[in-house]
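Student: Can you keep this structure in mind? I'll have questions shortly.
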Amino acid sequence: MAVEEINAAGGIKALNGAKIDPMLGDAQSTPDGGTAEVEKMNAAEVSCIVGGYASSICLAVSQAAARYDLPYTVDVGVADSIVTRGLKNTFRFGPGFGIIAKTALDNLATINDQAGKPAKTVIIVHEDSLFGSGLAKLLNAQLPAKGFEILETIPHPTPTRDFNTVVLKIKAQNPDLVIPANYYNEYVLLARTMLEQHVRPKGIYSVLGGAASSYKFVKEFPDAAKYIMDCNHWFNPKSDKAQELKKKVEDKGQFFTYELYMNYNAVHLVADALERAGSADRAKLTAALAASTFASPIMPYGPTKFVNGQNEGAAPANTQVLDNDIKVILPPEFANAKAVFPIPA
Amino acid sequence: MLSPLILTSAVLNGLLIGAVYALVALGLTLIYGVLHIINFAHGALLSAALFAAFFAFQKLGLDPYLAVFLLAPAFFALGYALQRFVISPASHGDDRNMLLVTLGLAVLIENALLYAFRADTRTLDLAYGFKSIDLGFTFLSMPRLISFVAVFAVALALWLIMRFTDTGKAIRAVAKEKLGAELAGIDVAHIYALTFGLGTACVAIAACLLIPSYYVNPSAGNAFVLIAFTIVVLGGMGSVPGALIGGFVIGVVESLSGFFFGESLGQVGIFLIFIAVLLLRPRGLFGASA
Amino acid sequence: MKAFVAIAIVVAALACVPVFVHSNVVLNFLVVTLMIALAGQGWNILGGYGGQYSFGHAAFFGTGAYTTAILQADYGVNGWLGFAAGIAAGAAVGAIIGGLAFRAGLRSSYFALVTLAFAEVLRILASVAPITGAGVGILIKLDLRAQAFQFQSRAIFYLVILALVAVALIITQLLERSRFGVWLIAVRENEDAAMALGVNATAIKLGAMIVSAAITAAAGCFYMQYFLFIDAGLGYGTWISIEALLTPIIGGVGTVFGALVGALMVKSLGEGAKLIAGDAPGLDLMIYGAVLVLVIRYAPRGIVGALADIYAHVTRRFAAPRKPAAEAAHG
Numbered sequence: 024m025a026v027e028e029i030n031a032a033g034g035i036k037a038l039n040g041a042k043i044d045p046m047l048g049d050a051q052s053t054p055d056g057g058t059a060e061v062e063k064m065n066a067a068e069v070s071c072i073v074g075g076y077a078s079s080i081c082l083a084v085s086q087a088a089a090r091y092d093l094p095y096t097v098d099v100g101v102a103d104s105i106v107t108r109g110l111k112n113t114f115r116f117g118p119g120f121g122i123i124a125k126t127a128l129d130n131l132a133t134i135n136d137q138a139g140k141p142a143k144t145v146i147i148v149h150e151d152s153l154f155g156s157g158l159a160k161l162l163n164a165q166l167p168a169k170g171f172e173i174l175e176t177i178p179h180p181t182p183t184r185d186f187n188t189v190v191l192k193i194k195a196q197n198p199d200l201v202i203p204a205n206y207y208n209e210y211v212l213l214a215r216t217m218l219e220q221h222v223r224p225k226g227i228y229s230v231l232g233g234a235a236s237s238y239k240f241v242k243e244f245p246d247a248a249k250y251i252m253d254c255n256h257w258f259n260p261k262s263d264k265a266q267e268l269k270k271k272v273e274d275k276g277q278f279f280t281y282e283l284y285m286n287y288n289a290v291h292l293v294a295d296a297l298e299r300a301g302s303a304d305r306a307k308l309t310a311a312l313a314a315s316t317f318a319s320p321i322m323p324y325g326p327t328k329f330v331n332g333q334n335e336g337a338a339p340a341n342t343q344v345l346d347n348d349i350k351v352i353l354p355p356e357f358a359n360a361k362a363v364f365p366i367p368a
Numbered sequence: 014m015l016s017p018l019i020l021t022s023a024v025l026n027g028l029l030i031g032a033v034y035a036l037v038a039l040g041l042t043l044i045y046g047v048l049h050i051i052n053f054a055h056g057a058l059l060s061a062a063l064f065a066a067f068f069a070f071q072k073l074g075l076d077p078y079l080a081v082f083l084l085a086p087a088f089f090a091l092g093y094a095l096q097r098f099v100i101s102p103a104s105h106g107d108d109r110n111m112l113l114v115t116l117g118l119a120v121l122i123e124n125a126l127l128y129a130f131r132a133d134t135r136t137l138d139l140a141y142g143f144k145s146i147d148l149g150f151t152f153l154s155m156p157r158l159i160s161f162v163a164v165f166a167v168a169l170a171l172w173l174i175m176r177f178t179d180t181g182k183a184i185r186a187v188a189k190e191k192l193g194a195e196l197a198g199i200d201v202a203h204i205y206a207l208t209f210g211l212g213t214a215c216v217a218i219a220a221c222l223l224i225p226s227y228y229v230n231p232s233a234g235n236a237f238v239l240i241a242f243t244i245v246v247l248g249g250m251g252s253v254p255g256a257l258i259g260g261f262v263i264g265v266v267e268s269l270s271g272f273f274f275g276e277s278l279g280q281v282g283i284f285l286i287f288i289a290v291l292l293l294r295p296r297g298l299f300g301a302s303a
Numbered sequence: 067m068k069a070f071v072a073i074a075i076v077v078a079a080l081a082c083v084p085v086f087v088h089s090n091v092v093l094n095f096l097v098v099t100l101m102i103a104l105a106g107q108g109w110n111i112l113g114g115y116g117g118q119y120s121f122g123h124a125a126f127f128g129t130g131a132y133t134t135a136i137l138q139a140d141y142g143v144n145g146w147l148g149f150a151a152g153i154a155a156g157a158a159v160g161a162i163i164g165g166l167a168f169r170a171g172l173r174s175s176y177f178a179l180v181t182l183a184f185a186e187v188l189r190i191l192a193s194v195a196p197i198t199g200a201g202v203g204i205l206i207k208l209d210l211r212a213q214a215f216q217f218q219s220r221a222i223f224y225l226v227i228l229a230l231v232a233v234a235l236i237i238t239q240l241l242e243r244s245r246f247g248v249w250l251i252a253v254r255e256n257e258d259a260a261m262a263l264g265v266n267a268t269a270i271k272l273g274a275m276i277v278s279a280a281i282t283a284a285a286g287c288f289y290m291q292y293f294l295f296i297d298a299g300l301g302y303g304t305w306i307s308i309e310a311l312l313t314p315i316i317g318g319v320g321t322v323f324g325a326l327v328g329a330l331m332v333k334s335l336g337e338g339a340k341l342i343a344g345d346a347p348g349l350d351l352m353i354y355g356a357v358l359v360l361v362i363r364y365a366p367r368g369i370v371g372a373l374a375d376i377y378a379h380v381t382r383r384f385a386a387p388r389k390p391a392a393e394a395a396h397g
């Protein structure tokens, strides 16, 4: 979509209206698949690579691209290790683990304070690979400092067939908050099982929740999704451009998911860098990316500034499922609803 | 946390999920008992059946509990055809080849589903999907309870077929003594295919009972395969009561070990039991001597 | 002697590839293909020559990869030493699994299942244990020096894996010729008969398992050096167990070149499928599954076996006519 827009608007003006020619590659969810695609793209002399969902793929792709000084912009992968290896070619416009976890915790404390501090005890449920474990570690380190008591951290494999045991543990310890960090399927099963077992903590607060800020989930299981909060990649609901994009996607019968707009941003970031570099040369493009101040019209970010490849202005947003829709509750300048916490009995 | 009520809940949960496992394992044990092969395509067939149940609801408006009556015979036919026209000719009678052929089929079926339907997860939101029975200290999910009852019905039906019908007796004869059965005039190829068909029909039944509380995607069946193998080995390859009891035992073990050791580590417990049974008592609880 | 010449020719021919081919796309493809071939060569020793079909060779691949990863990342051990340690660790795991399984007399389906179970146990343990980085996996620092067993040029990686494949080819050939090999094949053909003839089947199978595990572990160590990242799913996942058995089965089970031929064939098919299928996910794997079934159906001895059959058929055709003519002459 981003490519369509850019090309329709006249291409890269600095390059005399050169159109962006996208080359698609499917990493097939494996690092060696990703590496093979990078090789092909390098051979096809692309100027830049955009993409990467699973962090392990991002690691492989950034490394393979670094061999050729090929600039690489991550769109979704959140692991910190992606940008902390000293690779000069890797850029990430969106936020990484570190900032997401920190923001999530700060916002949790804010929400809790604003409601009169009803929550103190927490249970974390996370999936046991790079994403979930990394997050759980950060949460364990930082939650107590904010005055929360972690009753238990429950890891589970992906896939997990049944969450009854996990929910039983939650029920037995009756925490004020449940913090899930897992992928879509497991998140849905967990939420459903909690509904089934009538387990109603004061809040369900996810960090990068797999389904928590997913329109698909809200549509398919409205009862299980009600009031769930998430701190995740999200668009700025007050942005007209964002709403316009959302409508365009939904008119096609699809869901406006973060993969979509994260990728949208990444492509525009590169297009902007191409304009400023005035050339498709990789080294110039890399320099332009490093100095970029491209501000995405649709994201709730601060001013763009790349340090070691990470955009320091990037930040997640806090959302909550209210009125069968997903609303932003924090930060206040982008919010379009007030948090409902604790969950009404 | 270790109150008796909580433990009872864990055990009850284990029994309910165990019923689903048993359903998946019943088909597998039947196939092993007669054909003496581990059907590696079982998981992929389960995924296919889940998709079938999903579309039966979406396109035909059939509730899964009704769709069962359509899908069980359909998958019986599919299983029959697979064994008669693909697996048997491909294997040239060698056990090891059969293993590979079923593995090849597993990869083929799972990826055919992926190719046709993509990897997106689909679910059915049924009216009774979230209903549960309140026992005071815990809630028992309605769909799971129905599966629990159903597995006994299916096991009973299988047992009756094996015991009292001519076909059943032929199946048992082939399982026990193939050459003798052949000499007695039984069409072994037909019996093999019939058994495979029955096993696949069981998978279809399991899928219909599972779908109200689970989800559908090309690898959904895989999650149940290793557990099904464990149950078959534990209960004794070829034993229907073994699969039933094995299913419940594994379900409870999984629930309790998940409770005490965590979900991830709990799974290791199951495999360790699996390995221990294979090494120490390969015929399982009720199986015939290997 | 002739057989070793064949190996030398094949390896020399393959070694010349980087001279003519500079495309990193192709070199990368070849490196991965040869790595899979190596894993398959390991499987072939136990499965092809020994007839014991393991469905859990990932256990050795992952052990090799993790051992070298942990030694390098946590203890600063040199990459080459890590490589050697990884192979030893893989062999040790092979000894344990083989010892347990063969002592218990497990065969056929049961053996396949128990190897599958062991691989799964290792995968789960690797995904929770702190030493393997649990869910996060292990990342080795980028350090492009030969001493660290990392190379800037893909061509060098290619030559290294080719050397490893060559060693495995030689080991396989030596095994085929040796008394150990003869006993192993006897066990494959009919274990009970072999035992009746005095062959210590358990010891033979165990020996084959250890060699098999060591070779596949070497492939795992190489994976680590090439991709610098490992996690439980990559190291111990079923994908590698399946690829390790797919390649020799398709190429020619129980033959020296089987795994190599099979890997080239399967990977090329995969690339070809991607070209045809374009973006459609799953098509290339569908083809893998279909090819496996078709090969078992029509060419159960794999490509090499089929070629050998054709060769024998052709030579027989040309040898035959003389006899009847001579007999006709005699009247």
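Which chain is which? The protein sequence lines are A, B and C, in order. Going by our numbering, the first residue of the first sequence is number 24, and it counts up by one from there. Going by our numbering, the first residue of the second sequence is number 14, and it counts up by one from there. Going by our numbering, the first residue of the third sequence is number 67, and it counts up by one from there. Every residue gets a Cβ at the ideal spot worked out from N, C-alpha and C, and that includes glycine.
What span of residues does the alpha helix (DSSP H) with V357/C cover, start to end?
Tutor: Translated into the one-based positions of the third sequence, residue 357/C becomes position 291. First-last of the alpha helix (DSSP H) with V357/C: L349 to Y364.
Student: Does the distance from the C-beta atom of Q333/A to that of G119/A stay below 8 angstroms?
Tutor: Locating residue 333/A in the first sequence gives position 310, counting from the first residue. Locating residue 119/A in the first sequence gives position 96, counting from the first residue. Yes, these two residues count as a Cβ contact at 8 angstroms.
Student: Let me know the beta strand (DSSP E) ranges lying completely inside the segment 146-195 of chain B, each 3 residues or longer, listed in chain order.
Tutor: Listed in chain order, the complete beta strand (DSSP E) runs (minimum 3 residues) inside the segment 146-195 of chain B are 152-154.
Student: Select from the segment 345-372 of chain C all residues with a C-beta closer than 7 angstroms to any C-beta belonging to chain B, and list them in chain order.
Tutor: Residues passing the 7 angstroms Cβ filter: A346, P347, G348, L349, L351, M352, Y354, G355, A356, L358, V359, I362, R363 and P366.
Student: The ligand ADP heavy atoms versus the CB of W305/C: any closer than 7 angstroms?
Tutor: Summarising the ligand content, the structure contains no ligands, and the ligand ADP is consequently not present.
Student: Measure the C-alpha to C-alpha separation of G397/C and H49/B and round it to an integer number of angstroms.
Tutor: Locating residue 397/C in the third sequence gives position 331, counting from the first residue. Locating residue 49/B in the second sequence gives position 36, counting from the first residue. Its pLDDT being 44, under 50, G397/C is placed unreliably in this model, and the value from its coordinates should be taken loosely. Answer to the nearest angstrom: the Cα atoms are 56 angstroms apart.
Student: If you measure between the beta carbons of G212/B and I44/B, is that distance less than 8 angstroms?
Tutor: The sequence position of residue 212/B within the second sequence is 199, counting from 1. The sequence position of residue 44/B within the second sequence is 31, counting from 1. Contact flag set, yes.
Student: DSSP three-state label for L330/C, please.
Tutor: Residue 330/C sits at position 264 when you count from the first residue of the third sequence. L330/C falls in the helix class under three-state DSSP.
Student: Any C-beta of chain C sitting closer than 8 angstroms to the C-beta of P320/A?
Tutor: As a first step, residue 320/A is located in the first sequence; it is residue number 297 there, counting from the start. Not an interface residue.
Student: Can you list, in chain order, the residues of the segment 135-166 of chain A whose Cβ is nearer than 9 angstroms to any Cβ on chain C?
Tutor: Flagged, chain order: H149, E150, D151, S152, L153, F154, G155, S156, G157, A159 and K160.
Student: Hey, would you say Y93/B sits closer than 8 angstroms to A206/B, going by beta carbons?
Tutor: To locate residue 93/B, count along the second sequence from 1; it is residue 80. To locate residue 206/B, count along the second sequence from 1; it is residue 193. Contact: yes.
Student: What three-state label does DSSP hand R108/A in the structure shown?
Tutor: On the first sequence, residue 108/A is found 85 positions in, with the first residue counted as 1. Here R108/A sits in coil by DSSP.
Student: Taking just the CA atoms, how far does A259/C sit from G371/C?
Tutor: The residue you call residue 371/C lines up with position 305 of the third sequence. The residue you call residue 259/C lines up with position 193 of the third sequence. Each residue's alpha carbon lies about 25 angstroms from the other.
Student: Could you check what DSSP says for M46/A in three-state terms: helix, strand or coil?
Tutor: Here residue 46/A corresponds to residue number 23 of the first sequence, with the count starting at 1. M46/A: coil per DSSP, three-state reduction.
Student: Do E209/A and E150/A have their beta-carbon atoms positioned less than 8 angstroms apart in this structure?
Tutor: For this step, residue 150/A is matched to residue 127 along the first sequence. For this step, residue 209/A is matched to residue 186 along the first sequence. In this structure, E209/A lies closer than 8 angstroms to E150/A by Cβ.
Student: Bridge partners for G74/B per DSSP, in chain order?
Tutor: On the second sequence, residue 74/B is found 61 positions in, with the first residue counted as 1. Its beta-bridge partners do not exist; DSSP assigns none.
Student: Could you tell me which uninterrupted beta strand (DSSP E) segments, each at least 3 residues in length, are contained entirely in the segment 205-279 of chain A, listed from first to last along the chain?
Tutor: Those beta strand (DSSP E) runs which fall completely within the segment 205-279 of chain A and span 3+ residues are 226-230 and 252-255.
Student: Going by the beta-carbon positions, is the gap between I163/C and T181/C smaller than 8 angstroms?
Tutor: Walking along the third sequence from the start, residue 163/C turns up at place 97. Walking along the third sequence from the start, residue 181/C turns up at place 115. In contact: I163/C and T181/C (Cβ atoms closer than 8 angstroms).
Student: Going by Cα to Cα distance, which pick from G282/B, L25/B and S16/B is closest to D147/B?
Tutor: The residue given as residue 147/B occupies position 134 in the second sequence. Answer by Cα proximity: L25/B.
Student: R115/A by DSSP, collapsed to three states: which one?
Tutor: Within the first sequence, numbered from 1, the residue matching residue 115/A stands at position 92. Reduced to three states, the DSSP call for R115/A is strand.
Student: Can you tell me which of the three DSSP states A392/C falls into?
Tutor: Taking the first residue of the third sequence as position 1, residue 392/C is located at position 326. Low local confidence applies: a pLDDT of 49 at A392/C is under 50, so the model's placement there is unreliable, and no value is given.
Student: Since V253/C is in the alpha helix (DSSP H), which residue starts that stretch and which ends it?
Tutor: To locate residue 253/C, count along the third sequence from 1; it is residue 187. That run of the alpha helix (DSSP H) goes R245 to E255.
Student: What residues of chain B sit near Y302/C, judged by a beta carbon separation below 9 angstroms?
Tutor: Position 236 of the third sequence, counting from 1, holds the residue named residue 302/C. Correct list: empty, because the minimum Cβ distance to chain B is about 12 angstroms.
Student: Give me the Cβ distance between A329/C and H123/C, rounded to the nearest whole Å; I'm assuming they're in contact under 8 angstroms.
Tutor: Along the third sequence, read from residue 1 onward, the residue named residue 329/C stands at position 263. Along the third sequence, read from residue 1 onward, the residue named residue 123/C stands at position 57. Their Cβ separation, rounded to whole angstroms, is 14 angstroms, which puts A329/C and H123/C out of contact at 8 angstroms.
Student: Out of R223/A, S229/A and G121/A, point me to the one whose CA is closest to A204/A's CA.
Tutor: Locating residue 204/A in the first sequence gives position 181, counting from the first residue. Among R223/A, S229/A and G121/A, the Cα nearest to that of A204/A belongs to S229/A.
Student: Using a Cβ-Cβ cutoff of less than 7 angstroms, which residues in the same chain neighbour A392/C once the five nearest sequence positions on both sides are dropped?
Tutor: Start at 1 with the first residue of the third sequence, and residue 392/C comes out as number 326. With a pLDDT of only 49 at A392/C, under 50, the local geometry of the prediction cannot be trusted, and no value is derived from it.
Student: Rounding to the nearest angstrom, what Cα-Cα distance links K270/A and D263/A in this structure?
Tutor: Within the first sequence, numbered from 1, the residue matching residue 270/A stands at position 247. Within the first sequence, numbered from 1, the residue matching residue 263/A stands at position 240. Going by the C-alpha atoms only, they are around 11 angstroms apart.
Student: Pull the bridge partners of A340/A from the DSSP assignment, please.
Tutor: Stepping through the first sequence from its first residue, residue 340/A is reached at position 317. Per DSSP, N255/A.
Student: Is there a Cβ from chain A that is less than 8 angstroms from the Cβ of D200/B?
Tutor: The residue labelled residue 200/B in the question sits at position 187 within the second sequence. It does not; no Cβ of chain A falls within 8 angstroms.
Student: Going by C-alpha distance, which of M252/A, E267/A, A310/A and I321/A is nearest I352/A?
Tutor: In the first sequence, counting from the first residue as 1, residue 352/A sits at position 329. Of the listed residues, the one whose Cα sits closest to I352/A is M252/A.
Student: For P320/A and A265/A, I'd like the C-alpha separation in whole angstroms.
Tutor: Sequence index remark: in the first sequence, residue 320/A carries index 297 (1-based). Sequence index remark: in the first sequence, residue 265/A carries index 242 (1-based). If I take the Cα positions, the gap works out to 8 angstroms.
Student: Should M47/C and A125/B be called a contact, given that it needs their Cβ atoms to be closer than 8 angstroms?
Tutor: In the structure as shown, chain C starts at 67 and stops at 397, and residue 47/C therefore has no counterpart that could be examined.
Student: Looking at chain A, which residues of the segment 180-202 of chain C have a Cβ within less than 8 angstroms of any of its Cβ atoms?
Tutor: Listed by position, the residues of the segment 180-202 of chain C near chain A (Cβ gap below 8 angstroms) are I190, S193, V194, A200, G201 and V202.
Student: Identify, in the order they occur along the chain, each residue of the same chain with its Cβ nearer than 8 angstroms to the Cβ of L28/B, setting aside the five sequence neighbours on each side.
Tutor: On the second sequence, residue 28/B is found 15 positions in, with the first residue counted as 1. Within the same chain, L28/B has close Cβ partners F161, F261, G264 and V265.
Student: Contact criterion: CB-CB distance below 8 angstroms. Does E108/B meet it with respect to chain C?
Tutor: Within the second sequence, residue 108/B is the residue found at index 95, counting from 1. The sequence as given places Asp at residue 108/B; Glu does not occur at that position. Closer than 8 angstroms: yes.
Student: Can you pull the chain B neighbours of I315/C, defined as C-beta to C-beta under 7 angstroms?
Tutor: Within the third sequence, numbered from 1, the residue matching residue 315/C stands at position 249. Result: L113.
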